[in-house]
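The next block holds one structure in the form of structure tokens; read it before the comments.
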Amino acid sequence: MVGVVVPGRHATHLCYDALYALQHRGQESAGMASAHDGQITVVKDNGLVSHVFTDATLRALIGSEAIGHTRYSTSGSANWTAAQPVFRSTPDATFALGHNGNLTNTHALAERAGIRVTSMLSDSDLVAELVARAVVEGVSLEDALVDVVRGVDGAYSMVVLNQSGTLFALRDPHGFRPLCLGYFGTKDEPTGWMVASETPALDVVGATFLRDVEPGEMIVVTPEGYRSRRIVEPEQTRQGLCIFEFVYFARPDAYLMGRQVHSTRRRMGELLAQQSSVDADVVMGVPDSGVPAAEGFAKASGIPFGYGLVKNRYIGRTFISPDQNARAASVRRKLNPLREAIEGQRLVVVDDSIVRGTTTRALVQMLKDAGAREVHLRVSSPPFQWPCFFGIDTPTRDDLLAAHHTVSEMNEFIGSDSLEFLTLENLRRAIGVQDECCDACLTGHYPAPVPVEIAAGVRW
Ligand code: SF4
């Protein structure tokens with residue numbers, strides 16, 4: 000997710016490049032909206048950023064202000080109509096909205112407003128509808144946004160652009176999903192502003208990181224500059240950045256809470272080696288996020304690091320594919336073993352997580368078929384035992400291998416020779432946090448309310 004305000008320049012090419020840098024956050028659909036001449040233009044479709052946008056569509060997106068979004072659906076339809084930005088037009092305001100995260104009280108929100116929840120395409124669509132209704136009643140777009148999100152539970156980082164080119168960037172009081180602010184030009188004489196889910200999006204377009212958008216904060220950006228407004232007071236916020244942003248989700252070159260993700264992953268591997276060593280010939284990581292952890296494991300254990308898996312860069316991430324069949328089928332398409340590096344070897348294979356176990360089992364089988372003598376699996380996060388309601392698609396406990404199996408049963412199911420997980424204490428130590436991150440899927444302690452109907456698996 001990205002928002003750009005660059006007076007006197009075209010925002011959409013910057014937005015496009017930034018979206019490219021954030022493609023890993025969602026591969027189902029992509030979209031952009033720009034403001035020009037009192038109007039909003041939206042282009043969005045299913046597919047990768049490179050598929051959705053052509054020279055012609057980019058030329059249609061005129062304006063010095065733009066927002067962009069890549070989607071991976073955790074609620075609502077995976078159909079193209081649910082692609083973002085969501086758009087609403089009222090007599091007083093036209094706006095486009097992009098949302099990263101997942102809301103947990105959508106049914107109650109819809110019911111209170113007399114909206115049939117099934118008539119909405121997604122939780123983001125519902126927020127846009129509630130905001131549009133408030134605007135129709137005479138509330139300013141800014142106040143409507145604040146009022147509506149104050150009634151929302153769950154995870155949201157949002158960018159909203161109105162027809163005059165004002166950009167609003169909001170982050171929920173827990174800050175489940177990252178959002179940062181940067182500038183173009185110099186700090187003393189900025190020539191533009193940018194918000195993005197991750198810092199590499201700033202890097203690729205030459206913007207400079209200024210700071211994270213705080214949990215519970217809204218940033219309002221106009222061509223004249225930016226100001227900050229509280230959605231809730233700081234004492235009502237509680238840091239809750241998703242711990243899996245560090246383990247898996249974010250790019251390794253991203254900075255989150257002031258920490259470079261790559262270094263934290265290496266440290267996870269080092270601590271994993273210290274707590275769960277094994278006699279083996281070579282350590283290898285499952286690309287991409289397992290590799291820095293494997294490097295850390297090799298360094299701490301003294302076992303040589305090697306490459307044993309080649310990744311097809313053109314296949315999407317399995318974890319964020321929208322259905323189980325797509326996930327299982329894509330493992331073999333995505334990873335191919337380097338037979339010469341594997342044959343006859345006792346391998347330590349470091350992966351970032353085990354969610355359903357199906358992809359890991361296929362991976363271990365693939366390594367054994369390639370001649371591995373032993374496969375010792377080391378996981379750089381604790382067992383994923385509880386569903387996430389804040390932006391990762393694991394809606395019920397039934398899907399989670401660790402929810403119903405001991406580590407030894409998991410080892411048997413996966414077919415590895417041994418299996419060990421990083422402890423929560425060591426994961427926190429690797430990142431350098433105490434309890435500032437959400438770790439509900441590892442502990443079952445949810446920092447925000449989780450409604451019964453979603454917990455029971457009822458979805459849109
Ligand atoms: S429940 Fe897990 S995956 Fe979801 S936000 Fe919390 S730490 Fe992240």
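Note that numbering that gives the first Met the number 0 gives residue 317 to position 318 of the sequence shown, counting from 1, and the numbers run on in steps of one. Every residue, glycine too, gets a C-beta built ideally from N, C-alpha and C.
Where residue i falls, given that 16 or more other Cβ within 10 Å makes a residue buried
i: G30; result: buried
i: V212; result: buried
i: S227; result: exposed
i: S300; result: buried
i: N161; result: buried
i: K310; result: exposed
i: R70; result: buried
i: R338; result: exposed
i: R149; result: exposed
i: S463; result: The structure shown has nothing for residue 463, since the chain only spans 0 to 459.
i: R278; result: In the sequence as presented, Arg is not what sits at residue 278; that position holds Asp. Its Cβ having fewer than 16 others within 10 Å, D278 is exposed.
i: V457; result: Caution applies to V457, whose pLDDT of 39 falls short of 50 and renders its modelled position unreliable; the value that the coordinates give is listed next. Exposed, by the Cβ-count rule.
i: A17; result: buried
i: A81; result: buried
i: P177; result: buried
i: R115; result: exposed
i: P214; result: buried
i: E232; result: exposed
i: Q235; result: exposed
i: I319; result: With a pLDDT of only 49 at I319, under 50, the local geometry of the prediction cannot be trusted, and the value read off the model is given with reservation. I319 is buried by the Cβ-count criterion.
i: G25; result: buried
i: Q273; result: exposed
i: Y250; result: According to the sequence displayed, residue 250 carries Arg and not Tyr. Buried.
i: G164; result: buried
i: S139; result: exposed
i: A32; result: buried
i: S28; result: buried
i: N425; result: buried
i: S123; result: buried
i: T393; result: buried
Heavy atom of the ligand SF4 within 6 Å of residue i beta-carbon
i: D54; result: no
i: A253; result: no
i: A439; result: yes
i: I353; result: no
i: F389; result: yes
i: F245; result: no
i: C241; result: yes
i: F175; result: yes
Could I get the ranges of all uninterrupted alpha helix (DSSP H) runs contained in the segment 103-147, with 4 residues as the minimum, in chain order? Restricted to the segment 103-147, the alpha helix (DSSP H) segments that are unbroken, complete and at least 4 residues in length are 105-111 and 122-135, listed in chain order.
Decide yes or no for the touch test of the segment 194-208 against the segment 165-184: beta carbon pairs closer than 8 Å, at least 3 of them. When Cβ pairs closer than 8 Å are counted between the two stretches, the segment 194-208 is seen to touch the segment 165-184, the count reaching three or more.
Below 8 Å, how does it come out for the segment 284-294 and the segment 262-270: are there three or more Cβ pairs, yes or no? Between the segment 284-294 and the segment 262-270 there are three or more C-beta pairs closer than 8 Å, enough to call the two in contact.
At least three beta-carbon pairs within less than 8 Å, the segment 372-380 to the segment 343-354: Counting C-beta pairs closer than 8 Å gives three or more between the segment 372-380 and the segment 343-354, which meets the contact rule.
Cβ pair count under 8 Å reaching 3, the segment 383-401 against the segment 429-447: The segment 383-401, when compared against the segment 429-447, does touch it at the 8 Å Cβ threshold.
Whole runs of the beta strand (DSSP E) within the segment 331-355, excluding any shorter than 3 residues: DSSP runs (the beta strand (DSSP E)) wholly in the segment 331-355: 334-336 and 345-350.
Between the segment 169-181 and the segment 231-245, are three or more C-beta pairs nearer than 8 Å? Taking 8 Å as the limit for Cβ pairs, the verdict is that the segment 231-245 does touch the segment 169-181.
Counting pairs of Cβ atoms below 8 Å between the segment 60-67 and the segment 4-20, do you hit three or more? By the C-beta criterion, the segment 60-67 is judged to be in contact with the segment 4-20, since at least 3 inter-stretch pairs fall below 8 Å.
Counting Cβ pairs, one atom from each stretch, are 3 or more of them under 8 Å apart for the segment 354-370 and the segment 403-420? Segment contact: the segment 354-370 against the segment 403-420, three or more CB-CB distances shorter than 8 Å; contact assigned.
For the segment 179-259, list the alpha helix (DSSP H) runs that are entirely contained and at least 4 residues long, ordered along the chain. Taken in chain order, the complete alpha helix (DSSP H) segments of 4 or more residues contained in the segment 179-259 are 198-203.
Is it the case that the segment 189-197 contacts the segment 16-26, given that we only count it when at least three CB pairs across the two stretches are under 8 Å? In short, these stretches touch, since the Cβ pair count reaches three.
With a cut-off of 8 Å, do at least 3 Cβ pairs link the segment 394-401 to the segment 361-375? No, the segment 394-401 is not in contact with the segment 361-375.
Cβ pair count under 8 Å reaching 3, the segment 218-232 against the segment 414-421: In short, these stretches do not touch, since the Cβ pair count stays below three.
Count Cβ pairs between the segment 31-41 and the segment 215-222 that sit closer than 8 Å; are there 3 or more? Cβ pair count under 8 Å is below three, so no.
Sequence ranges, alpha helix (DSSP H) only - wholly within the segment 361-440, length at least 4: Inside the segment 361-440, DSSP marks whole alpha helix (DSSP H) runs of 4 or more residues at positions 400-403, 406-413 and 423-430, from first to last along the chain.
With contact counted as at least three CB pairs below 8 Å, one residue from each stretch, are the segment 360-367 and the segment 76-91 in contact? Because the criterion of three Cβ pairs below 8 Å is not met, the segment 360-367 and the segment 76-91 do not touch.
Would you check if the segment 152-161 and the segment 82-102 touch, i.e. whether three or more CB-CB distances between them fall below 8 Å? Enough Cβ pairs lie closer than 8 Å, so yes.
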